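Data first, discussion second: the structure below is written as structure tokens.
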Amino acid sequence: MAASAGSPPGDAARHRLRAWMLEGLADMAKNHPGPHAGPQSAHRGQRWWRVMCLTGVDYFSTLGYQPGIAALAAGALSPIATLVLVLVTLAGALPVYRRVARESPHGQGSIAMLERLLSFWKGKLFVLTLLGFAATDFLITITLSAADAATHLVENPHLTSALHNGQLVITLILVALLGAVFLKGFLEAIGVALVLVGLYLGLNAVVVVAGLWHVATTAHVVADWSQALTAEHGSVPVMIGVALLVFPKLALGLSGFETGVAVMPHIEGDPDDTEERPTGRIRGAKKLLTTAAVIMSVFLIITSFITTLLIPADAFKPGGPANGRALAYLAHEYLGSLFGTVYDISTIAILWFAGASAMAGLLNLMPQYLPRYGMAPHWARAVRPMVLVFTLIAFLVTWLFDADVDAQGGAYATGVLVLISSAAIAVTITARRAREHGWTIGFAVIAVVFLYTTVANVIERPDGVKIGACFIAGIILVSFLSRLARAFELRVTSVVLDEKAERFIRDTAHRKIRFIANEPDQRDLSEYRDKLQQIRTDNDLPVDEDFIFVEVTVGDPSEFESELRVRGEVLHGRFRVLVMDSSTVSNALAALLLHARDLTGARPHIYFEWTEGNPFAQFLRFFLFGQGEVAPVTREVLREAEPDRDRRPRVHVG
7 MAASAGSPPG DAARHRLRAW MLEGLADMAK NHPGPHAGPQ SAHRGQRWWR VMCLTGVDYF
67 STLGYQPGIA ALAAGALSPI ATLVLVLVTL AGALPVYRRV ARESPHGQGS IAMLERLLSF
127 WKGKLFVLTL LGFAATDFLI TITLSAADAA THLVENPHLT SALHNGQLVI TLILVALLGA
187 VFLKGFLEAI GVALVLVGLY LGLNAVVVVA GLWHVATTAH VVADWSQALT AEHGSVPVMI
247 GVALLVFPKL ALGLSGFETG VAVMPHIEGD PDDTEERPTG RIRGAKKLLT TAAVIMSVFL
307 IITSFITTLL IPADAFKPGG PANGRALAYL AHEYLGSLFG TVYDISTIAI LWFAGASAMA
367 GLLNLMPQYL PRYGMAPHWA RAVRPMVLVF TLIAFLVTWL FDADVDAQGG AYATGVLVLI
427 SSAAIAVTIT ARRAREHGWT IGFAVIAVVF LYTTVANVIE RPDGVKIGAC FIAGIILVSF
487 LSRLARAFEL RVTSVVLDEK AERFIRDTAH RKIRFIANEP DQRDLSEYRD KLQQIRTDND
547 LPVDEDFIFV EVTVGDPSEF ESELRVRGEV LHGRFRVLVM DSSTVSNALA ALLLHARDLT
607 GARPHIYFEW TEGNPFAQFL RFFLFGQGEV APVTREVLRE AEPDRDRRPR VHVG
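Numbering-wise, the sequence shown is residues 7 to 660 according to the numbering used here.
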């Protein structure tokens, strides 16, 4: 938007800044075909193994800190506790998300499944709550990954003296640079992810082989580990019991499944795929999830084993050289400073891209829900304002946690576990409704395991719930304020008249279009006769005037936008009635009036009776239940939708 010639330079700069900030989501919407796309667009995309690398920058990057977290949580028992994690991954999270991929193949994930299972305001509030935990998950991914990248940078032998005590500042700089990338404009590059993941996994494989070689050639380390286990825990059953108890602390190793479902629209489908039945895409997503889980499981087991045996326990503690970077410690220790530096660079790069993936996830997730609920300010549709909001929140989280990887682990794990638990509950309900008794029992058991893990993690480390509660409260507050501010918008996307309804309107347009708003009750002869007489008396109208009754039935008042379908009926042989379903009476009536005006060129009139009751209580009824004092709200919706008074339909109240 250009400023006028007489505008001060400051105004012109503000106009340019506003235009730049409010640029839309065009670059983020690529590779997402629309709902009416045909087979040719439905199967476009990348091979599943390439897309796996896109989610892998988040999932596989946890190898940078997971072995150290496991060692801190379980000590010498770390390999056994990690084995429990792997069993839960392969026998629990993987089957759940394979089902999620089948039920929600367009990238909305388990939240969309639960949205379909619940309705009205309780469904919206539940989804907003889950969005709060999803925001916790993604934002802590950004801050934790940046903190761990800073740790690898600070602990590098060549830089440790120069960057000593610079962890917080470096982390803030990395978060700021990540935000700057998105402010400039960013589209996820699967090719870049492929290179990063391939290089990172390859370097980790070298470290694993070197670690196993040192374990095999240094016989006493296995004996020392075995003696430590026996001394600390006694018997194998006790070891397994303790491993089960500390397992919730290792839940970070489950991250990545929700991201794996979110990237499904990028997966190439079969030539005959459609958006309604994307069979090839679903099959590719299942391969992606399974392959990623197996690769990660193998690495988790081996890395927890070699780091526990080869790294002194004190090195894992806060401030120790292996804290948050156990595999990097081994890379420097056994493969030399040059290889260790290359490993550090690779780890920093993939952790950096994990943050980018999380930011992209936030920017893609929120617009899928909040605008449909009417619960997003208009500026939230643009990327850059949201990037600034998320970056500032990431700054705050980084400062509160002092850029500490271990301290953020609880918050991250809580977000991950809540999403996985909700997914397990969603697939359990879906299987039950499909009368799949075996799967219902299996998914129910998995759901119980994840719920236990979530509760145990919350009790042990409540930071995640506190942060999640802040996000939930913020999202709900902003959402309801936004919906309140947009309460009088015309929310009908289109009006469709059946043949009889259109005939009624065209016929009466030859005289004067007069509608009577009627709240349907018994729909008997006396209801319409008395209503017509009341309207004529209140408005001093002659007997020969022609009227059409309009009746709106409220369906789900929590919906914001919808199509309006209007049916025409003749009741008791004499009364013409237009019948429609909508989420709000006032918006439906306003949309019908504007459509009738545009259809016929005539200016319609509508007649109401005043509703008894407190005006504020009536407004709350409108806001929450779509009813309330209909007449003034209909007039206000018309005033906002049509600023020209000479073209605005007339509202009469008697």
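Cβ coordinates follow ideal geometry from the N, Cα and C atoms, glycine included.
Computed from a predicted model, the values in this text were never measured in an experiment.
Return the CA-CA distance between residue 201 and residue 208, expressed in angstroms with no decimal places.
Cα to Cα, residue 201 sits roughly 10 Å from residue 208.
Below 8 Å, can you find three or more Cβ-Cβ pairs linking the stretch 400-412 to the stretch 161-175?
Three or more Cβ pairs drawn from the stretch 400-412 and the stretch 161-175 lie within less than 8 Å of each other, which places the two stretches in contact.
Member of 451, 443, 396 whose CA lies at the smallest distance from the CA of residue 366
The shortest Cα separation from residue 366 among 451, 443, 396 belongs to 396.
On the DSSP letters alone, give me the boundaries of the alpha helix (DSSP H) that residue 513 sits inside.
Counted as a single uninterrupted DSSP element, the alpha helix (DSSP H) harbouring residue 513 occupies residues 505-514.
Which same chain residues end up closer than 6 Å to residue 151 when comparing Cβ atoms and leaving out the 5 residues on each side of it in sequence?
Excluding sequence neighbours, residue 151 sits near 357, 360, 361.
Per-residue DSSP class, three states only, for residue 206:
Here residue 206 sits in helix by DSSP.
Would you mind sorting residue 655 into buried or exposed? The rule is 16 or more other CB atoms within 10 Å of its CB.
That one is buried.
Between residue 308 and chain D, is the shortest Cβ-Cβ distance under 7 Å, so that the two count as touching?
Here there is only one protein chain, and chain D is not present.
Any alpha helix (DSSP H) of 4 or more consecutive residues that is wholly inside the stretch 433-475
Counting only runs of at least 4 residues, the stretch 433-475 fully encloses the following alpha helix (DSSP H) elements, listed from N- to C-terminal order: 443-466.
Cross-strand partners of residue 302 (DSSP beta bridge)
Residue 302 is not bridged by DSSP to any residue.
Starting from residue 567, trace the alpha helix (DSSP H) in both directions and tell me its first and last residue.
Counting along the chain, residue 567 falls outside any alpha helix (DSSP H), and DSSP gives it neither H nor E.
Residue 475 to residue 459 span [Cα, whole Å]
Distance from the CA of residue 475 to the CA of residue 459, rounded to the nearest whole angstrom, comes to 19 Å.
Using C-beta distances below 6 Å, list every residue in its chain close to residue 308, excluding the 5 sequence neighbours before and after it, in chain order.
Residues of the same chain with a CB within less than 6 Å of the CB of residue 308, apart from the 5 flanking positions on each side, are 214 in chain order.
Which runs of the beta strand (DSSP E) spanning at least 3 residues fall entirely within the stretch 310-368, listed in chain order?
You should have found no qualifying run.
Do the stretch 49-61 and the stretch 128-137 meet, that is, are 3 or more Cβ pairs less than 8 Å apart?
The stretch 49-61 makes no contact with the stretch 128-137, as fewer than three CB pairs between them are under 8 Å.
If you pair each beta-carbon of the stretch 314-326 with each one of the stretch 212-228, do three or more pairs fall below 8 Å?
Contact check between the stretch 314-326 and the stretch 212-228: three or more CB pairs, one atom from each, fall below 8 Å, which counts as touching.
Figure out for me which residue from 587, 642, 584 has the closest Cα to the Cα of residue 596.
Taking only the C-alpha atoms, the option nearest residue 596 is 642.
What residue range does the alpha helix (DSSP H) around residue 238 cover?
226-239 is the extent of the alpha helix (DSSP H) around residue 238.
Can you give the Cα-Cα distance for residue 549 and residue 374, rounded to whole angstroms?
Inter-residue distance for residue 549 and residue 374 is about 52 Å (C-alpha atoms, whole angstroms).
Note the first and the last residue of the continuous beta strand (DSSP E) segment covering residue 584.
581-588 is the extent of the beta strand (DSSP E) around residue 584.
By DSSP, does residue 592 sit in helix, in strand, or in coil?
Correct three-state label for residue 592: helix.
Apart from the five residues on each side of it in sequence, which residues of its chain come closer than 7 Å, Cβ to Cβ, to residue 45?
Its pLDDT being 43, under 50, residue 45 is placed unreliably by the model, and the measurement read from it follows with that caveat. Taken in chain order, the residues that qualify are 277, 278, 279, 280.
Provide the residue(s) that pair with residue 559 in DSSP beta bridges, ordered along the chain.
587.
Got a sec? Which residues, its chain only, sit under 7 Å from residue 73 by beta carbon, not counting five neighbours each side?
Hits under 7 Å: 309, 310, 313, 332, 333.
Going by beta carbon distance, what residues of the same chain come within less than 8 Å of residue 96, once the five residues before and after it are set aside?
Apart from the 5 residues on each side of it in sequence, residue 96 sits with its Cβ closer than 8 Å to the Cβ of 299, 300, 303 in its chain, given in chain order.
By alpha-carbon positions, which one of 413, 160, 589, 269 ends up nearest to residue 497?
Minimum Cα-Cα distance from residue 497 among the listed residues 413, 160, 589, 269 corresponds to 589.
To the nearest angstrom, how far is the alpha carbon of residue 535 from that of residue 555?
Residue 535 and residue 555: Cα-Cα distance of roughly 11 Å.
Quick one: what's residue 52 bridged to in DSSP?
273.
Cα-Cα, which of 644, 62, 296 is closest to residue 493?
Its Cα nearest to that of residue 493, the residue 644 stands out among 644, 62, 296.
Should residue 247 be labelled buried (16 or more other beta-carbon atoms within 10 Å of its own) or exposed?
Classification for residue 247: exposed.
Cβ contact (3+ pairs, closer than 8 Å) linking the stretch 59-68 and the stretch 264-273
Touching, per the Cβ criterion.
Can we say the stretch 495-511 touches the stretch 569-581, given the rule of at least three CB pairs closer than 8 Å?
The stretch 569-581 and the stretch 495-511 touch, with three or more beta-carbon pairs separated by less than 8 Å.
Express the C-alpha separation of residue 326 and residue 170 in angstroms, rounding to a whole number.
Rounded to the nearest angstrom, the gap between the Cα atoms of residue 170 and residue 326 is 13 Å.
Shortest alpha-carbon distance to residue 182 belongs to which of 162, 205, 148?
Among 162, 205, 148, the Cα nearest to that of residue 182 belongs to 148.
Taking DSSP's pairing of strands, which residues face residue 522 in a bridge?
Paired residues: 555, 613.
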